[in-house]
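First up is the structure itself, then whatever we jot down about it.
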Amino acid sequence: MKIHLTSVFVDDQTRAEHFYTEILGFVKKQDVPVGGTDRWLTVVSPDETGGAELLLEPARHPAVGPYREALVRDGIPLAQFAVEDVYAEHARLSGLGVRFTQDPLEAGPVTTAVFDDTCGNLIQIATVPR
Amino acid sequence: MLAYGGGVADDVFRALADPTRRTILDELAERSGQTLFEICGRLSTKHRLGLSRQAVSQHLAVLEAAGLVETRREGRCKFHELNTAPLRRITERWLGPGTAGPEGSSS
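If you're matching them up, the sequences are chains A and B in order.
All letters in the first sequence, in the order written, are residues 19 to 148 by our numbering.
All letters in the second sequence, in the order written, are residues 62 to 168 by our numbering.
See below:
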């Protein structure tokens, strides 16, 4: 068994597409209309286009609001992405106006930081030793 | 100062009596303005304190009631900040006002 798709709920798919591709640097993989304005919209890592896809899913279900609100209030990220260097990404993304709720923090061998994806989620980036 | 000597000071001493709460203050002194997630992460990874999020939340509530921690909402996140003012007040009880530092005892 392997993980091929996971999802985050996003307030607005157009904004999410911009943020996840233009700002974070992922590549759009699938973009299929699924009724109304909703799309089956997935992105992948440019280094691994055949790897796991991230679905940017519309956040319209009534349970999503309270669920994400409670997590964001406590600073809890919904997904984690690996980066080469958390400090460099923090500097790059801050320069692009991304707001961090946790600046880089070294915890043993792992360094992490948490930012706001502007679509209703907090995302953690981590440098994990190989 | 005399008016302050009652219940509020008791809250500060009670809050400080717990080693986990002192560790939380240590971490907030290192970087003020942390989410609950960051505080929990620091306690578990740096201090090997396996506390539930609820337990950390309760410790923070005690610190906040004592005035040692203040919370601020920014966007939809809640950040915790260190407030050292109550510490200064409790030391003034014995050291006198304006003598918080060691140099205050001269002359």
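Glycine included, C-beta positions come from ideal geometry on N, C-alpha and C.
- For the region 66-77 of chain A and the region 111-122 of chain A, state whether three or more C-beta atom pairs, one from each stretch, are separated by less than 8 Å. As far as the Cβ criterion goes, the region 66-77 of chain A does not touch the region 111-122 of chain A, which means the pair count is below three.
- Message: Run through chain B and tell me which residues come within less than 9 Å of A:R91, C-beta to C-beta.
- Response: T96, L97, R134, R137, C138 and K139, listed in chain order.
- Item | Cutoff 8 Å: A:Q98 Cβ touching any chain B Cβ | Not a single C-beta of chain B is nearer than 8 Å to the C-beta of A:Q98.
- Identify which residue in A:P127, A:A77 and A:G53 has its Cα closest to the Cα of A:S25. Among A:P127, A:A77 and A:G53, the Cα nearest to that of A:S25 belongs to A:A77.
- Can you tell me which of B:R154, B:Q95 and B:R149 puts its alpha carbon nearest to the alpha carbon of B:R134? Closest in C-alpha terms to B:R134, from the list B:R154, B:Q95 and B:R149, comes B:Q95.
- Using a Cβ cut-off of 9 Å, pull out every chain A residue sitting near B:G102, in sequence order please. Those are Q120, L123, A125 and T130, listed as they occur along chain A.
- Own chain partners of A:G43 with C-beta closer than 7 Å, once the 5 adjacent residues on each side are dropped: Contacts found: P64.
- Query: DSSP three-state call for A:V50: helix, strand or coil?
  - Reply: DSSP places A:V50 in strand when its eight states are reduced to three.
- Task: Measuring only between beta-carbons, confirm whether B:T106 sits less than 8 Å from chain A.
- Result: Against chain A, the CB of B:T106 has a partner CB under 8 Å away; the residue lies at that interface.
- Message: Quick check on DSSP: helix, strand or coil for B:L63?
- Response: With a pLDDT of only 47 at B:L63, under the threshold of 50, the placement of this residue in the model should not be trusted; the figure read from the coordinates follows. Judged by DSSP in its simplified three-state form, B:L63 adopts coil rather than helix or strand.
- Query: Exposed or buried, what is A:E124 when buried is set at 16 or more other beta-carbons lying within 10 Å of its beta-carbon?
  - Reply: Exposed: under 16 other Cβ atoms inside 10 Å.
- Query: Considering only residues of the same chain and omitting the five flanking positions on each side of A:Q98, which have a CB-CB separation below 6 Å?
  - Reply: Cβ within range, chain order: Q142 and A144.
- Helix, strand or coil at B:V123 according to DSSP, with G and I counted as helix: Reduced to three states, the DSSP call for B:V123 is helix.
- Determine which residues of the region 71-87 of chain A have a Cβ less than 7 Å from any Cβ of chain B, and write them out in chain order. So the list reads E87, given in the order they occur along the chain.
- Would A:Q120 be called buried (16 or more neighbouring beta carbons within 10 Å of its own) or exposed? Around the CB of A:Q120, 16 or more other CB atoms lie within 10 Å, so the residue is classed as buried.
- Message: Is there a C-beta anywhere in chain B that falls below 8 Å from the one on A:I94?
- Response: Closer than 8 Å: yes.
- Query: Got a sec: is the Cβ-Cβ distance from A:D30 to anything in chain B below 8 Å?
  - Reply: Output row for A:D30: interface = no.
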